[in-house]
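Read the structure below first, then the notes.
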Amino acid sequence: MTVSSTRLLHPCSLPARLLMVAALLFSAFPLLAQDWTYRVRPGDTLWDLGSRYLKPSVPWQHLQSHNRVSDPYRLPPGSQLRFPVAWLAVQPVPARVLALRGPVQVGDAARGGLRDVIEGELLTIGQHLVTGADASVTLVFADDSRLQLRENSRLRLDQLSRYGHTGMVDTRVRLQQGRTSNRVTPATGPASRYIIDAPTATSSVRGTVFRVSAGGDGRSAATEVLQGKVQVGNPRGQRLVTRGQATRSTSQDTRPGALEPLLPAPRLDPAQLRLDPLPAPVAWTAVDGAAHYRVEVVRADQPEILLFAQDTTATTLTVPDLAPGTLRVLVRAVSADDVEGLDAEQDFEVRDQPPPPLTVRPVNQETVNSARPHFQWSQVDGAAASVLQIARDAQFLDPVLEQQSTSPHARPAADLAPGAYFWRVASRDGNGHRGRFGHPVGLTLTDAPVDPALQPPQAAKGQLTLRWQAGETGQRYRVQIDRKGDFATPLLDREVDQPEVSLKRPWHGTLHVRVQYIDDDGYAGPFSPAQQVALPCRTCYGASGGALLLWLLL
Numbered sequence: 059m060t061v062s063s064t065r066l067l068h069p070c071s072l073p074a075r076l077l078m079v080a081a082l083l084f085s086a087f088p089l090l091a092q093d094w095t096y097r098v099r100p101g102d103t104l105w106d107l108g109s110r111y112l113k114p115s116v117p118w119q120h121l122q123s124h125n126r127v128s129d130p131y132r133l134p135p136g137s138q139l140r141f142p143v144a145w146l147a148v149q150p151v152p153a154r155v156l157a158l159r160g161p162v163q164v165g166d167a168a169r170g171g172l173r174d175v176i177e178g179e180l181l182t183i184g185q186h187l188v189t190g191a192d193a194s195v196t197l198v199f200a201d202d203s204r205l206q207l208r209e210n211s212r213l214r215l216d217q218l219s220r221y222g223h224t225g226m227v228d229t230r231v232r233l234q235q236g237r238t239s240n241r242v243t244p245a246t247g248p249a250s251r252y253i254i255d256a257p258t259a260t261s262s263v264r265g266t267v268f269r270v271s272a273g274g275d276g277r278s279a280a281t282e283v284l285q286g287k288v289q290v291g292n293p294r295g296q297r298l299v300t301r302g303q304a305t306r307s308t309s310q311d312t313r314p315g316a317l318e319p320l321l322p323a324p325r326l327d328p329a330q331l332r333l334d335p336l337p338a339p340v341a342w343t344a345v346d347g348a349a350h351y352r353v354e355v356v357r358a359d360q361p362e363i364l365l366f367a368q369d370t371t372a373t374t375l376t377v378p379d380l381a382p383g384t385l386r387v388l389v390r391a392v393s394a395d396d397v398e399g400l401d402a403e404q405d406f407e408v409r410d411q412p413p414p415p416l417t418v419r420p421v422n423q424e425t426v427n428s429a430r431p432h433f434q435w436s437q438v439d440g441a442a443a444s445v446l447q448i449a450r451d452a453q454f455l456d457p458v459l460e461q462q463s464t465s466p467h468a469r470p471a472a473d474l475a476p477g478a479y480f481w482r483v484a485s486r487d488g489n490g491h492r493g494r495f496g497h498p499v500g501l502t503l504t505d506a507p508v509d510p511a512l513q514p515p516q517a518a519k520g521q522l523t524l525r526w527q528a529g530e531t532g533q534r535y536r537v538q539i540d541r542k543g544d545f546a547t548p549l550l551d552r553e554v555d556q557p558e559v560s561l562k563r564p565w566h567g568t569l570h571v572r573v574q575y576i577d578d579d580g581y582a583g584p585f586s587p588a589q590q591v592a593l594p595c596r597t598c599y600g601a602s603g604g605a606l607l608l609w610l611l612l
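Quick note on the numbering used here: the sequence shown kicks off at 59 and runs consecutively.
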């Protein structure tokens, strides 16, 4: 483990400055004096190895002398050669932006100003990153170590180097504000270093998983170790932090704080852990000592890539809709000192195949007078079935109905109460795998009486003809006519294909008429309110020209 710090106490006394410099020299000396060991392969020569690994200013003869090689033309395969680290060639290697979430900007001290970061771009020594309120960026370094810079953070790249082809790297960054999560590749040689310099302490590792906060705003900086070991130190002392531990640093004038255990991982509630589909709620048990909780969703195969993050004081939170893939939800408790604990985690799958169908009807924001409306959507190639969901909220956190249909249409199996709803559809393939749901469609159901817009009846040539408003394409009609109005024994009860009916033998007196609309799948809606038709006299039916009869609405 190497402890390094690049800052002098300011202001401070001269003895303290000298102590700081001495500490730096002491920590650096063993590194410069160490050797990197190479195992000889068949065909290797000293001049080839010198050209590959040594600085141009170091001749290969130095390598011969250092290893006491008597015959530079004959290197026994399997034997070892020692390369002093100070002799090795060093090249700068930029960091690559692996992933972005939200507004992230990069600045350059030489050029000044900030610009938006582009995914995949290469960042060099001296540049600094700034993340917004709901943003993160993931960097990958020369040895595939990963750093995730979280929201409201600022990070400077101080050193990005590689020791030729040895596999050893020197990565040093300065966390000026906010938080990082780090997954460091195990070191391959004595010169490999991964150092995070925070305002009050430096964290140095050679392969581990850990988090660092810069502190500020009255909070201590902290280093939290999830795997491996981290050396944390400043001019006043050091702490070796191991898995499940943390240390807090309040100032460079005091040694990093005593080791403290991380808060345990919350226990996820399996009854409410339904992450397919998203959006979906996640719930967990409370943790003693937790001031709040941190919920994150990351890529399961690359957990340094942050897709969603939110802090909450509750023990439940809704995960929004996210891009497809195998994802992982992380939940951890955070203490009052802002030290984050161990993670509870759960992997889940968000599928995008088969694709969702296109909704046909009801159209968005349509009002439907039916307790069991007819839903229709397009047919997706390769889909064996469809899944219909209906909910009161656009996020579908608590669906009121979910049912499967092998046809591109369906009607709810049970009546729905009047009110505002949303509906959406997903496809299911022949293996039973369901894809993503399509966009939600707004819908209002009403139980207001259906008005068939009954037209004034007409009488001509001894017949009475009634007409009403046509329904949708494919609908049929059931019309009832009754003398009393209770329709217990109607005079006429007939189903017709057209929105009209004619009576061969009209009657005098008062008639009551109501109409029922029947969909093409046989579903019959409620009858309309009865309307009253008054027939003034029997002889009127014989009058020429189709005399209009008096009619009254109930």
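Glycine included, each C-beta is placed from N, C-alpha and C at the ideal position.
Anticipated Cβ contact below 8 angstroms, residue i with residue j, distance rounded
i: R469; j: D579; result: 7 angstroms
i: E177; j: S194; result: Not really, about 12 angstroms apart at Cβ, beyond 8 angstroms.
i: S211; j: Q235; result: 6 angstroms
i: L215; j: L181; result: 6 angstroms
i: T224; j: G247; result: 6 angstroms
i: V175; j: A249; result: Actually they do not touch by this definition, with Cβ atoms about 30 angstroms apart.
i: H566; j: D540; result: That pair is no contact at about 15 angstroms.
Neighbourhood of residue i by C-beta, 6 angstroms cutoff - its chain only, sequence neighbours within 5 removed
i: E403; result: R386 and L388
i: R613; result: Here the chain covers residues 59 to 612 and nothing more, so residue 613 does not appear.
i: D346; result: none
i: D555; result: R534
i: Q411; result: G493
i: N427; result: T504 and V508
i: P476; result: L503, T504 and D505
The ligand MG heavy atom lying under 7 angstroms from the CB of residue i
i: D166; result: With respect to the ligand MG, the structure shown offers nothing to examine, as it has no ligands at all.
CB contact check: residue i to chain B, cutoff 8 angstroms
i: A256; result: Note that chain B does not occur in the displayed structure, where there is just one protein chain.
Sequence-distant residues of its chain with Cβ nearer than 7 angstroms to residue i (five each side left out)
i: T417; result: W435, V483, G496 and V499
i: P88; result: With a pLDDT of 42 at P88, under the threshold of 50, the predicted position of this residue should be treated as unreliable, and no value is reported.
i: R97; result: G136 and Q138
i: R409; result: P382, H491, R492, G493 and R494
i: T258; result: G273, A279, N292, S307, T308, S309 and Q310
i: A349; result: V392, S393 and A394
Best match in the options for proximity to residue i [C-alpha to C-alpha]
i: G543; options: R534, T464 and P587; result: P587
i: E179; options: Q163, A191, E424 and G190; result: Q163
i: L459; options: S203, T246, T308 and R430; result: R430
i: L364; options: Y535, A443 and V155; result: V155
i: V288; options: I253, T258 and P382; result: I253
i: T376; options: N240, R332, Y96 and F545; result: R332
i: P244; options: Q285, T103 and D275; result: Q285
i: F480; options: A472, L455, H491 and L172; result: L455
i: P514; options: V559, N489, P476 and R486; result: V559
i: D192; options: P510, Q461 and E354; result: E354
i: I576; options: T189, G532, H570 and P335; result: G532
i: T196; options: T312, T370 and R237; result: R237
i: G583; options: L512, T504 and K519; result: T504
i: V421; options: L233, P319 and H432; result: H432
i: Q55; options: D359, V340, A394 and A472; result: This structure does not reach residue 55, given that the chain is present from 59 up to 612, and the question cannot be answered.
i: L187; options: L233, P335, P142 and G222; result: L233
i: A478; options: A471, D451, N489 and G488; result: D451
i: Y581; options: D473, D275, Q437 and D102; result: D473
i: A338; options: P378, E407, F545 and R241; result: P378
i: G315; options: S239, L336 and V290; result: V290
i: R251; options: F585, G276 and S203; result: S203
Buried versus exposed, by CB contacts within 10 Å (16 or more), residue i
i: A41; result: Residue coverage of the chain in this structure runs from 59 to 612, which leaves residue 41 outside it and unanswerable.
i: V508; result: buried
i: Q310; result: buried
i: L593; result: buried
i: L218; result: buried
i: R269; result: buried
i: L550; result: exposed
i: Y131; result: exposed
i: S261; result: buried
i: L83; result: In this prediction, L83 has a pLDDT of 35, which is less than 50 and means its spatial position is unreliable; what the coordinates show is noted afterwards. So L83 ends up on the exposed side.
Residues near residue i in its chain [Cβ-Cβ closer than 8 angstroms; skip 5 each side]
i: L76; result: Confidence is the limiting factor: at L76 the pLDDT is only 36, short of 50, which leaves the residue's position unreliable and the question unanswerable from this model.
i: V116; result: G108 and W145
i: Q462; result: A443, S444, V445, L446 and R486
i: I183; result: P150, L215, D216, Q217 and L218
Does the stretch 523–539 come within contact of the stretch 437–452, defined as at least 3 CB pairs closer than 8 angstroms?
With a cut-off of 8 angstroms, the stretch 437–452 and the stretch 523–539 do not count as touching, because too few Cβ pairs lie within range.
Contact the stretch 288–301 vs the stretch 323–341: 3+ CB pairs below 8 angstroms:
The stretch 288–301 makes no contact with the stretch 323–341; the number of CB pairs closer than 8 angstroms stays below 3.
Contact the stretch 126–142 vs the stretch 270–288: 3+ CB pairs below 8 angstroms:
The stretch 126–142 is not in contact with the stretch 270–288.
Quick test of the definition: if touching needs 3 or more C-beta pairs under 8 angstroms, does the stretch 454–470 touch the stretch 390–397?
Output reads no: the stretch 390–397 does not touch the stretch 454–470.
At a cut of 8 angstroms, does the stretch 533–540 reach the stretch 550–561 through at least three beta carbon pairs?
Touching, yes, given that three or more Cβ pairs across the two stretches are closer than 8 angstroms.
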